[in-house]
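Our numbering puts the first residue of the sequence shown at 256, with every later residue one more than the last.
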Amino acid sequence: MKSLFSLIFNFRDKRLEYEFCGMKLPNRVGLAAGFDKNAKALHPFSGIGFGFIEVGTVTPKAQPGNEKPRLFRIPSDRALINRMGFNNEGLEPMIERLKNRPHGLIVGGNIGKNKITPNETAYTDYETCLEALHPYVDYFVVNISSPNTPNLRDLQEKEPLKELLDKVKMKLAELKATQPLLLKIAPDLTDGQLNDICEIVHETGIDGIVATNTTISREKLSISRERIDNIGPGGLSGTPVKKRSDEVIRFLRRKLGNKFPLMGVGGIMSPTDAVDKIRAGADVIQVYTGFIYEGPSFVKRINKAILKEIEQ
Ligand SMILES: Cc1cc2nc3c(=O)[nH]c(=O)nc-3n(C[C@H](O)[C@H](O)[C@H](O)COP(=O)(O)O)c2cc1C
256 MKSLFSLIFN FRDKRLEYEF CGMKLPNRVG LAAGFDKNAK ALHPFSGIGF GFIEVGTVTP
316 KAQPGNEKPR LFRIPSDRAL INRMGFNNEG LEPMIERLKN RPHGLIVGGN IGKNKITPNE
376 TAYTDYETCL EALHPYVDYF VVNISSPNTP NLRDLQEKEP LKELLDKVKM KLAELKATQP
436 LLLKIAPDLT DGQLNDICEI VHETGIDGIV ATNTTISREK LSISRERIDN IGPGGLSGTP
496 VKKRSDEVIR FLRRKLGNKF PLMGVGGIMS PTDAVDKIRA GADVIQVYTG FIYEGPSFVK
556 RINKAILKEI EQ
């Protein structure tokens, strides 16, 4: 029997179906990582009509994340600042829940390293996550772009990134795991760094990119300097990250060609923003902050806009 949620919010249409990295999605609107960090709400989120859900970031061991307060709403800018710090229950409870995931739902596993693991051995944490999760998820995302784990983003530099991705790819081969492997990147990378990423994509043969995570920039906020300082460090999401996130997608699409799988996330606060992201070059999209501000009907409204766009 369909849930009430599903009856009200789930919007299905054959024309919305989309194949991404070999996965057959009912539509191309996903829930971004960090919302269902522990895979606790797959059933209700699936009922709302998401085409796919990315769980995590999960780290091998449970960790508490940063002290509260660590999440701040900035409604005047349609934004959030968070410094959650990969708070999560670790692999084991997630796996138990994934065993009961909704039938047919596409689930991505967004994986990270524990705070106490130094960058030099970070690959072991990613390997542990792959090993534990590969029977239970449909795709993997290597997250090295969160601003809230000290030094994590240093792994986006050319040499460390290539080493990490080579190791991760080797591990997948050893496990005979066939899931697509995507890399999630920050919006704060320079065009030069994005060029390096494009080279690494070719060298390592990863399957796709998720762009982007939150930004450390505060440039696009209209609130006072005092309030910004009071909030303190963290990743900014929502409207202020949209322009750069769209630019990153556009850059990657231009560099990597028409066929390379791109997942666009960052600043989708309206159905029009979602269409913009697709026009910028994203194959599929994800939402987080927009979903918080707009509520459960957001997915349906975006899908209706996408339908209109593809039917034009
Ligand atoms: C509270 C919060 C927690 C997040 N946690 C994660 C996370 O654990 N892993 C991750 O890859 N991204 C995480 N993100 C980033 C989002 O997945 C997304 O990339 C970013 O917020 C930009 O999209 P948006 O503007 O639609 O929110 C988090 C974002 C927020 C606001």
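For glycine and all other residues, C-beta sits at the position ideal for the given N, C-alpha and C.
Cβ atoms of residue j and residue i: under 8 Å apart, would you say?
i, j, result
"Ile-523", "Gly-545", "yes"
"Pro-405", "Gly-489", "no"
"Leu-437", "Tyr-394", "yes"
"Asn-398", "Asn-365", "yes"
"Arg-473", "Ile-483", "yes"
"Val-396", "Met-349", "no"
"Asp-462", "Pro-390", "no"
"Pro-442", "Thr-459", "no"
"Gly-306", "Asn-282", "yes"
"Leu-353", "Ile-308", "no"
By a C-beta neighbour count over all protein chains shown, 10 Å radius and 16 as the cutoff for buried, is residue i buried or exposed?
i, result
"Asp-268", "exposed"
"Gly-550", "exposed"
"Asp-446", "exposed"
"Ala-535", "buried"
"Ser-479", "exposed"
"Gln-567", "exposed"
"Ile-557", "buried"
"Ile-533", "buried"
Could you tell me which residues DSSP puts in a beta bridge with residue i?
i, result
"Val-362", "Ile-308"
"Leu-419", "For Leu-419, which the question treats as bridged, DSSP gives no partner whatsoever."
"Thr-470", "Leu-491"
"Asn-343", "Gln-318"
"Tyr-569", "There is no way to answer for residue 569, as the model of the chain reaches only from 256 to 567."
"Arg-328", "Leu-335"
"Lys-439", "Asn-398 and Val-465"
Sorry if obvious, but does the Cβ on residue i come closer than 7 Å to a heavy atom of ligand 3?
i, result
"Phe-341", "You won't find ligand 3 in this model; what it holds is ligand 1."
Nearer than 7 Å: is that true of the beta carbon of residue i relative to any heavy atom of ligand 1?
i, result
"Ile-523", "yes"
"Val-310", "no"
"Lys-439", "yes"
"Asn-337", "yes"
"Tyr-381", "no"
"Arg-369", "Note that residue 369 is Asn in the sequence shown here, rather than Arg. False, no ligand heavy atom lies under 7 Å from that Cβ."
"Tyr-543", "yes"
"Asn-321", "no"
"Ser-401", "yes"
"Val-530", "no"
"Gly-289", "yes"
"Leu-507", "no"
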